[in-house]
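Student: The structure that follows is given in the form of structure tokens.
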Amino acid sequence: MKFADGFWLNQRGYEVNYASQAYEITPVKNGLNVYATTQYIQNRGMTLGGPCLDITFTSTQKDVIKVSIEHFKGALDNAPKFELEEDQGYTPEITEKDDCWEMVSGDTKVVIGKFSWTVQYYYKDKRLTGGAWRSASVVNESKFKTSARLNSMQDDTFWSYPQDERGTFIREQFTMNVGEYFYGFGEKFTPFVKNGQNVETWNADGGTCSEQSYKCIPFYVSSTGYGVLVNSSDKVSFEVCSDTVSKVSFTVPGERLEYFVIGGADIPEVLSNYTTLTGKPALPPAYTFGLWLTTSFTTNYDEETVTSFIDGMAERDIPLQVFHFDCFWMKEFQWCDFEWDKRQFPDPAAMLQRLKKDKNLEICVWINPYIAQRSALFDEGVKGGYFIKNLDGSVFQAELWQPGMAIVDFTNPAACEWYASKLRALCEMGVDCFKTDFGERIPTKVKYFDGSEPIAMHNYYTYLYNKTVFNVLKEYYGENKACLFARSATVGGQKFPVHWGGDCSAEYTSMAETIRGGLSLCMSGFGFFSHDMSGFEATAPADIYKRWAAFGLFSTHSRLHGNSSYRVPWLFDKDGSTECVDVLRFFTKLKGKLMPYIWAQAVKTHVTGVPMMRAMVIDFANDPACLTLDKQYMFGENILVAPILNDKGTAEFYVPEGQWTDIISGQVYEGGKFYTQQYDYFGLPCLAKPNSIIGYGKFERDFEYDYLDGTEFVIYAPQEGVTASAKVYDTEANEVFEISAVRHGDSVEVSYSNTDKSFSVKVAGGEPVEINPTAGGKVIIKL
1129 MKFADGFWLN QRGYEVNYAS QAYEITPVKN GLNVYATTQY IQNRGMTLGG
1179 PCLDITFTST QKDVIKVSIE HFKGALDNAP KFELEEDQGY TPEITEKDDC
1229 WEMVSGDTKV VIGKFSWTVQ YYYKDKRLTG GAWRSASVVN ESKFKTSARL
1279 NSMQDDTFWS YPQDERGTFI REQFTMNVGE YFYGFGEKFT PFVKNGQNVE
1329 TWNADGGTCS EQSYKCIPFY VSSTGYGVLV NSSDKVSFEV CSDTVSKVSF
1379 TVPGERLEYF VIGGADIPEV LSNYTTLTGK PALPPAYTFG LWLTTSFTTN
1429 YDEETVTSFI DGMAERDIPL QVFHFDCFWM KEFQWCDFEW DKRQFPDPAA
1479 MLQRLKKDKN LEICVWINPY IAQRSALFDE GVKGGYFIKN LDGSVFQAEL
1529 WQPGMAIVDF TNPAACEWYA SKLRALCEMG VDCFKTDFGE RIPTKVKYFD
1579 GSEPIAMHNY YTYLYNKTVF NVLKEYYGEN KACLFARSAT VGGQKFPVHW
1629 GGDCSAEYTS MAETIRGGLS LCMSGFGFFS HDMSGFEATA PADIYKRWAA
1679 FGLFSTHSRL HGNSSYRVPW LFDKDGSTEC VDVLRFFTKL KGKLMPYIWA
1729 QAVKTHVTGV PMMRAMVIDF ANDPACLTLD KQYMFGENIL VAPILNDKGT
1779 AEFYVPEGQW TDIISGQVYE GGKFYTQQYD YFGLPCLAKP NSIIGYGKFE
1829 RDFEYDYLDG TEFVIYAPQE GVTASAKVYD TEANEVFEIS AVRHGDSVEV
1879 SYSNTDKSFS VKVAGGEPVE INPTAGGKVI IKL
């Protein structure tokens, strides 16, 4: 929220009181408590009134400092809580000095001045951020202002606004450094660098073309190497160098603000520390990295249509891994009743078994958390008390998605079990994963089974929804075998992958939005990202279909899906051309060959929390050119990808220092430069990082295969005296092999571990050396 009226004044209707003095600092368990007055106390008479702020600095994890700012402690505390992994036994180092107190957690430190208000954060000796005059504050809104704000929201039937009657806010402001950039905040489709933007965490069903977001995360990362998580599922307002252009401000309604300052040696370590706190991304099954095809949304389809699409892909030699049935697998007006529409699918169990056994496919079906009044489950839900209720105790209903729909109340354990039981039945039938759609438009003038504060539940609802569904799959199929295709999320949602970008349009501008949204989401703790290849809305021309196919298959998860038209490639080819088919086949098979690399990167993401799809700034924060790039990314640690975003076939991209090699064409690029280059539909910039090893597997059709047997390891631009390495994992995520290489003059020494499989190795541009089953050893490759 913006409170300032220029530099000197506040906006009319707001009274802002800033922490001005650390009146008393007291050591407490795990940290320090500061009693902060909002005026400098010069005599006893000034202690007769407030406001004052009770501010506690603690640490429950190495390199993470937790700050709690409280005004009135007696306020109700019934907001849902993010599930954080805090170690209450962790003890930071606390030191009192003449003019300050210091609290050190790992290499991250907070310094609190004893007199005038100043709080500064450091990583080792590098100052990260902090605040002094006009930083922490309590803000009171006049009753007239509150009334006017609420009146403007009265007609909101889409729950786009919180309709929050609270007139007290707690705000913090951190200073920025010259040249500092800010990223993250969840899946934001606005410019990737968030400087100058006002960002609000309020989940909304707004597509990819607006400032609204399906996945709002109150967490941001600085280019200088720290992160800030606001620990609130409420509507958090961030003013990123906008309200005050030299500061980042964040505000929550109510009497309490809690946040974490997260340090690290670099951005990957910050993200790793953040996901240690909020949860590591689960590892999706290896099959999910293959090509997905759907029925599309409002198209007409039945078992015959589905079979024709699947057979058509096989006849054209396009490897297909997952088939998804969208909403109309259920009968219209009855979503969700979890019953197949027998008019279109007379024997669904037999159909699914045929698709799985004869076609070797995994199956996904669409669901959401809404129960239509016409659904047979509606009366069950009413009787069991499984739905969100109005304030008068009646069931909340709306006409928004299905006539008279109710919303499942996942704060009720019995409702969770009831909902989960319907999904288990589908798993028994042969469903492998669920597309968990919606979960954003959650009303606020309602009450929940557990008494949770409804405004804070608006964002948190998606966590309970996706957790319930994910746990069904995890319990049924096992660890590392569960996968969702989720649209909404909040903090911790990365534990329930995969997430896709929602409703994009069949345009190049929307393709660019999607990249920005994915990069922002993956700067917010999420490891994997997908999108609707060729766009959801409208039907793409063949040109966009082919370019989006290349982008989609250089994303962690690749799904063809649309609204009112099918997405099989032969429908996009015109005048006898087969190029859409050929391009989709080419990039699908290339992704399949890259699975030894892709799967190893996925395992690493699961372990470390560093995303697979990563903005250039994550790995190259010391390269000024990489700080603002938002049309290219790293696909794992070692492959740079720059999707083509125009109908001219022109790619504009930047290459960091070193010698980079295009893995398709073999062209070598000298780093530290921007390039502009033309590409046909079978190419795009996909460059191997210098001194990397990438494995190309013996892919046939199934994305789950032996990632070592017959694999060719290619060493790209080996550097003198610097070791490159790669690991191979089986489909159960067990490490089975490691290979390394180091250059010495005109030769490369390759070392490898014990294996009973054959493989080959070469330096890019050279001839492969075949290696048979071995107890481990070395080979010298002459350059």
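Our numbering numbers the first residue of the sequence shown as 1129 and each following residue consecutively.
Glycine included, C-beta positions come from ideal geometry on N, C-alpha and C.
1) From residue 1172 to residue 1406, what distance separates their C-alpha atoms?
2) At which residues does the alpha helix (DSSP H) containing residue 1676 begin and terminate?
3) Residue range of the beta strand (DSSP E) that residue 1871 falls in?
4) Is there contact between the stretch 1380-1396 and the stretch 1356-1371, where contact requires at least three CB pairs shorter than 8 Å?
5) On the DSSP bridge assignment, give the partners of residue 1491 in chain order.
6) If you run the structure through DSSP and keep just helix, strand and coil, what is residue 1439?
7) What does residue 1601 pair with, by DSSP beta-bridge criteria?
8) Terminal residues of the continuous alpha helix (DSSP H) containing residue 1275?
9) Taking the alpha carbon of residue 1780 as the reference point, which residue from 1763, 1762, 1840 and 1813 has its own alpha carbon closest?
10) Could you check how far apart the C-beta atoms of residue 1418 and residue 1714 are, in whole angstroms? I think they sit under 8 Å.
11) Spell out the partners DSSP gives residue 1728 in its beta bridges.
12) Out of 1542, 1303, 1888 and 1321, which one is the CA nearest neighbour of residue 1311?
13) Can you give me the Cβ contacts of residue 1517 inside the same chain, cut-off strictly under 7 Å, excluding the 5 residues immediately before and after it?
14) How many whole angstroms separate the CB atoms of residue 1453 and residue 1493, which I take to be in contact at a CB cut-off of 8 Å?
15) Pick out whichever of 1251, 1536, 1286 and 1483 has its Cα sitting closest to the Cα of residue 1508.
16) Mapping DSSP to helix, strand and coil, what is residue 1261?
17) Terminal residues of the continuous alpha helix (DSSP H) containing residue 1403?
18) Would you give the residue range spanned by the beta strand (DSSP E) that residue 1144 belongs to?
19) Residues in its own chain within less than 7 Å of residue 1351 by CB, not counting five upstream and five downstream?
20) Please give me, in chain order, every unbroken run of the alpha helix (DSSP H) with length at least 4 that falls completely inside the stretch 1266-1349.
21) Please confirm whether residue 1790 and residue 1815 have their CB atoms less than 8 Å apart.
22) Does the stretch 1319-1333 come into contact with the stretch 1212-1225, if we say contact requires no fewer than three beta-carbon pairs (one atom in each stretch) closer than 8 Å?
23) Can you confirm whether the stretch 1156-1166 touches the stretch 1177-1186 when touching is taken to mean that 3 or more C-beta pairs between the two stretches lie within less than 8 Å?
24) To the nearest whole angstrom, what separates the beta carbons of residue 1658 and residue 1626, a pair I think is in contact under 8 Å?
25) Look at the alpha carbon of residue 1292 and the alpha carbon of residue 1512, and state the distance between them as a whole number of angstroms.
26) Out of 1360, 1282 and 1464, state which residue places its alpha-carbon closest to the alpha-carbon of residue 1313.
27) With which residues is residue 1233 paired in a DSSP beta bridge?
28) Rounded to whole angstroms, what is the Cα-Cα separation between residue 1432 and residue 1688?
29) Taking the alpha helix (DSSP H) that residue 1481 belongs to, which residues open and close that run?
30) Near residue 1875, what residues of its chain come up, given a Cβ to Cβ distance below 7 Å and the 5 sequence neighbours on each side ignored?
31) Determine the direct distance from the alpha carbon of residue 1167 to that of residue 1280, and round the result to whole angstroms.
32) Under three-state DSSP, which class holds residue 1425?
33) Let me know the secondary structure DSSP gives residue 1659 once reduced to three states.
34) So residue 1348 and residue 1265 are in contact, right, with Cβ under 8 Å, and what is the actual spacing, rounded?
35) Among 1199, 1258 and 1400, which residue has its Cα nearest to the Cα of residue 1381?
36) Out of 1434, 1133, 1464 and 1891, which one is the CA nearest neighbour of residue 1554?
Tutor: Reading off the structure:
1) Start at 1 with the first residue of the sequence shown, and residue 1172 comes out as number 44. Start at 1 with the first residue of the sequence shown, and residue 1406 comes out as number 278. Residue 1172 and residue 1406: Cα-Cα distance of roughly 44 Å.
2) Taking the first residue of the sequence shown as position 1, residue 1676 is located at position 548. Note, residue 1676: alpha helix (DSSP H), 1670-1681.
3) In the sequence shown, residue 1871 corresponds to position 743, counting from 1. Segment 1863-1872, the beta strand (DSSP E) holding residue 1871.
4) yes
5) Within the sequence shown, the letter at position 363 stands for residue 1491. BP columns for residue 1491 point to 1451.
6) Within the sequence shown, numbered from 1, the residue matching residue 1439 stands at position 311. DSSP places residue 1439 in helix when its eight states are reduced to three.
7) As a first step, residue 1601 is located in the sequence shown; it is residue number 473 there, counting from the start. In the DSSP output, where bridge partners are listed per residue, residue 1601 has none listed.
8) Here residue 1275 corresponds to residue number 147 of the sequence shown, with the count starting at 1. Segment 1271-1279, the alpha helix (DSSP H) holding residue 1275.
9) As a first step, residue 1780 is located in the sequence shown; it is residue number 652 there, counting from the start. The shortest C-alpha separation from residue 1780 is found at 1813.
10) Residue 1418 sits at position 290 when you count from the first residue of the sequence shown. Residue 1714 sits at position 586 when you count from the first residue of the sequence shown. Actually they are not in contact, since the Cβ atoms of residue 1418 and residue 1714 sit about 15 Å apart, beyond 8 Å.
11) Looking up residue 1728 in the sequence shown gives position 600. Residue 1728 pairs with nothing; no bridge assigned.
12) Translated into the one-based positions of the sequence shown, residue 1311 becomes position 183. Among 1542, 1303, 1888 and 1321, the Cα nearest to that of residue 1311 belongs to 1321.
13) Along the sequence shown, read from residue 1 onward, the residue named residue 1517 stands at position 389. 1523, 1524, 1574 and 1575, listed in sequence order.
14) For this step, residue 1453 is matched to residue 325 along the sequence shown. For this step, residue 1493 is matched to residue 365 along the sequence shown. 5 Å between Cβ atoms; contact.
15) Working through the sequence shown from its first residue, we reach residue 1508 at position 380. When each option's Cα is compared against that of residue 1508, the closest is 1536.
16) Stepping through the sequence shown from its first residue, residue 1261 is reached at position 133. Coil at residue 1261, not helix or strand.
17) Translated into positions along the sequence shown, residue 1403 becomes position 275. Unbroken alpha helix (DSSP H) run through residue 1403: 1395-1406.
18) As a position in the sequence shown, residue 1144 is number 16, starting the count at 1. Looking at the DSSP string, the run of the beta strand (DSSP E) that includes residue 1144 is 1142-1146.
19) Walking along the sequence shown from the start, residue 1351 turns up at place 223. Only 1308, 1309, 1745, 1749 and 1755 meet the Cβ criterion.
20) If we require 4 residues or more, the alpha helix (DSSP H) runs fully inside the stretch 1266-1349 come out as 1271-1279.
21) Within the sequence shown, the letter at position 662 stands for residue 1790. Within the sequence shown, the letter at position 687 stands for residue 1815. For residue 1790 and residue 1815, yes; Cβs fall inside 8 Å.
22) Contact between the stretch 1319-1333 and the stretch 1212-1225 is absent, because fewer than three Cβ pairs lie under 8 Å.
23) They touch, by the three-pair rule.
24) If you number the sequence shown from 1, residue 1658 lands on position 530. If you number the sequence shown from 1, residue 1626 lands on position 498. Contact between residue 1658 and residue 1626 holds: their C-beta atoms lie close to 6 Å from each other, under 8 Å.
25) Position 164 of the sequence shown, counted from the start, is the residue given in the question as residue 1292. Position 384 of the sequence shown, counted from the start, is the residue given in the question as residue 1512. Residue 1292 and residue 1512: Cα-Cα distance of roughly 30 Å.
26) Along the sequence shown, read from residue 1 onward, the residue named residue 1313 stands at position 185. Closest by alpha carbon: 1360.
27) Position 105 of the sequence shown, counted from the start, is the residue given in the question as residue 1233. Residue pairing from DSSP places residue 1233 in a beta bridge opposite 1236.
28) Stepping through the sequence shown from its first residue, residue 1432 is reached at position 304. Stepping through the sequence shown from its first residue, residue 1688 is reached at position 560. The straight-line gap from Cα to Cα measures roughly 19 Å.
29) Locating residue 1481 in the sequence shown gives position 353, counting from the first residue. Here the alpha helix (DSSP H) through residue 1481 covers 1476-1485.
30) Within the sequence shown, the letter at position 747 stands for residue 1875. 1908, 1909, 1910 and 1911.
31) Your numbering for residue 1280 matches position 152 in the sequence shown. Your numbering for residue 1167 matches position 39 in the sequence shown. C-alpha separation (whole angstroms): 35 Å.
32) Reading the sequence shown from its first residue, position 297 is the one you call residue 1425. Note: residue 1425 maps to coil in three-state DSSP.
33) As a working note, residue 1659 is residue 531 in the sequence shown. Correct three-state label for residue 1659: coil.
34) On the sequence shown, residue 1348 is found 220 positions in, with the first residue counted as 1. On the sequence shown, residue 1265 is found 137 positions in, with the first residue counted as 1. About 20 Å separates the two Cβ atoms, so there is no contact after all.
35) Indexing the sequence shown from 1 puts residue 1381 at position 253. Nearest C-alpha to residue 1381: 1199.
36) On the sequence shown, position 426 is the one that residue 1554 refers to. Among 1434, 1133, 1464 and 1891, the Cα nearest to that of residue 1554 is on 1464.
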